[in-house]
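Colleague: Provided herewith is a single structure, encoded as structure tokens, for subsequent inquiry.
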Amino acid sequence: DGGITQSPKYLFRKEGQNVTLSCEQNLNHDAMYWYRQDPGQGLRLIYYSQIVNDFQKGDIAEGYSVSREKKESFPLTVTSAQKNPTAFYLCASSTTSGPLAEQYFGPGTRLTVT
Amino acid sequence: DAKTTQPTSMDCAEGRAANLPCNHSTISGNEYVYWYRQIHSQGPQYIIHGLKNNETNEMASLIITEDRKSSTLILPHATLRDTAVYYCIVSGGYQKVTFGTGTKLQVIP
Chain P
15 DGGITQSPKY LFRKEGQNVT LSCEQNLNHD AMYWYRQDPG QGLRLIYYSQ IVNDFQKGDI
75 AEGYSVSREK KESFPLTVTS AQKNPTAFYL CASSTTSGPL AEQYFGPGTR LTVT
Chain Z
5 DAKTTQPTSM DCAEGRAANL PCNHSTISGN EYVYWYRQIH SQGPQYIIHG LKNNETNEMA
65 SLIITEDRKS STLILPHATL RDTAVYYCIV SGGYQKVTFG TGTKLQVIP
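Chains as they are written, first to last, in the working numbering: chain P, 15 to 128; chain Z, 5 to 113.
Take a look at the structure:
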């Protein structure tokens, strides 16, 4: 089945540690995205990538880093510089042809930093 | 992308139609209207999109006003599994899609 996988579902880290969240897709989509969601809030865009080896900052990129070495993979690193890293992180992908913005989302990773 | 305004929450009786409104008065000619929903603690799910004509699929119908300044998502026979947060989004491209806080729909037995 085609889709997006994120792992792990739950992640716990100590403050001051970097942590990398995995996102893999087998939909052959060129574009991939990372969002952050806080309780009761909408989604905020962290980073997005339109093509391999290229990515752009979203609205809240500070304290995060990404890489796009393969079309299928778009890992997100939450660095120790991120002030409030505890949140629900969602990865998505989409095609880049035409005006469509239909995004397919993964199940999310809930990160807790103490 | 144009900004959207949605009610914070709505209730709907099970089996009845759920009509979720969205205002997007600043929409431009090349922007589409998209609807997603997010069931608690899951990733958002695409529902439907449209440009200026009404659209229908197996999940829902989308009614867009003639001036395109507002739209309504219709779930024809709401079930308890339709309880979710529904996001109305306006976008002209794939690069950046802004999700607001959406409408929390509660389907009541």
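Every residue gets a Cβ at the ideal spot worked out from N, C-alpha and C, and that includes glycine. Predicted model only: the values in this text are computed from it and were never measured.
Closest Cβ-Cβ distance between Leu90 (chain P) and chain Z: below 8 Å?
Modeller: Not one chain Z Cβ lies under 8 Å of Leu90 (chain P).
Colleague: For Leu59 (chain P), which three-state DSSP category applies?
Modeller: Leu59 (chain P) falls in the strand class under three-state DSSP.
Colleague: Expressed to the nearest angstrom, what Euclidean distance is found between the alpha-carbon atoms of Asn61 (chain Z) and Gln110 (chain Z)?
Modeller: Distance between the alpha carbons of Asn61 (chain Z) and Gln110 (chain Z) is about 22 Å.
Colleague: What residues from chain P crowd round Gly104 (chain Z), counting only those whose CB sits closer than 8 Å?
Modeller: Going along chain P in sequence order, the residues near Gly104 (chain Z) (Cβ under 8 Å) are Gly56.
Colleague: Okay, do the region 33-45 of chain Z and the region 85-98 of chain Z touch, 3+ Cβ pairs below 8 Å being the bar?
Modeller: Counting Cβ pairs under 8 Å, three or more are found: they touch.
Colleague: Per the DSSP calculation, Pro25 (chain Z) is bridged to which residue(s)?
Modeller: Pro25 (chain Z) pairs with Z:Thr76.
Colleague: Which residue or residues does DSSP assign as beta-bridge partners of Val89 (chain Z)?
Modeller: Answer is Z:Gln42 and Z:Lys108.
Colleague: So, is Gln96 (chain P) buried or exposed, given that buried needs 16 or more other C-beta atoms within 10 angstroms?
Modeller: Buried is the call here.
Colleague: In this structure, what does DSSP give as the bridge partners for Leu125 (chain P)?
Modeller: Leu125 (chain P) is bridged to P:Leu25 and P:Ala101.
Colleague: Following a CB-centred definition, is Val89 (chain Z) positioned closer than 7 Å to any heavy atom of the ligand NAP?
Modeller: Among the components modelled here there is no ligand, and therefore nothing to report on the ligand NAP.
Colleague: With 9 Å as the limit, tell me which residues of the region 116-127 of chain P have their beta carbon closer than that to any beta carbon of chain Z; keep them in chain order.
Modeller: Those residues of the region 116-127 of chain P that come within reach of chain Z (Cβ to Cβ, closer than 9 Å) are Glu116, Gln117, Tyr118, Phe119, Gly120, Pro121, Gly122 and Arg124.
Colleague: Could you check where the beta strand (DSSP E) with Val46 (chain P) kicks off and where it finishes?
Modeller: It is worth fixing the name first, because residue 46 (chain P) is Met in this sequence and not Val. That run of the beta strand (DSSP E) goes Ala45 to Gln51.
Colleague: Taking just the CA atoms, how far does Asn34 (chain Z) sit from Leu41 (chain P)?
Modeller: One C-alpha to the other measures close to 26 Å.
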